[in-house]
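Worksheet: one structure, shown below.
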Amino acid sequence: MSQKRRRITCICCQQPGIHRGRQLIEPCYDRAWAHRTLDRFPLQPHATPWLPTGPHGRKMLARYTELVAERASRKRILWELGLETERSIQRYEAARRHLASQEASA
Ligand SMILES: [Zn+2]
717 MSQKRRRITC ICCQQPGIHR GRQLIEPCYD RAWAHRTLDR FPLQPHATPW LPTGPHGRKM
777 LARYTELVAE RASRKRILWE LGLETERSIQ RYEAARRHLA SQEASA
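Structural data, given as structure tokens:
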């Protein structure tokens with residue numbers, strides 16, 4: 717699976733350029749790499765993440781979003797939602813961010 721270099725608007729500086737990775741153009745990617753801050757930039761921001769489809773999942777996501785707003789600890793979030801793993805929190809987090817960014821761009 718090869719990814720063609722495409723022209724993008726860099727998510728860091730909003731300048732157009734050749735995509736290097738993580739939606740960054742080359743100078744910004746190199747800088748982030750050098751500063752070890754690449755983790756701040758999402759790997760696949762345009763990929764649609766998992767989203768809950770049933771009423772239960774939607775309720776869970778709504779509760780998750782509330783807990784995040786309340787700055788609840790991860791431990792509490794896991795406990796309240798009855799989640800088993802860190803990976804499940806990441807799914808909710810990706811879904812929450814995806815919905816938040818949709819609201820922001822609407
Ligand atoms: Zn940039």
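717 is the number of the first residue of the sequence shown in this note's numbering; add one for each residue after it. Glycine included, C-beta positions come from ideal geometry on N, C-alpha and C.
{"Check": "For I805, which residues of its own chain have a beta-carbon under 7 Å away from its beta-carbon, when the five flanking residues on both sides are left out?", "Outcome": "R790, I793, L794, L799"}
{"Check": "Do the stretch 768-777 and the stretch 805-818 meet, that is, are 3 or more Cβ pairs less than 8 Å apart?", "Outcome": "yes"}
{"Check": "Could you please give me the residues that DSSP links to R747 through a beta bridge?", "Outcome": "The partner list for R747 (beta bridge, DSSP) is empty, contrary to what the question assumes."}
{"Check": "Does S789 have its Cβ less than 9 Å from a Cβ in chain D?", "Outcome": "Among the chains of the structure shown, chain D does not appear; only one protein chain is present."}
{"Check": "From the DSSP output, which residues share a beta bridge with T801?", "Outcome": "T801 pairs with nothing; no bridge assigned."}
{"Check": "Do I734 and R723 count as a contact pair if the criterion is CB distance below 9 Å?", "Outcome": "yes"}
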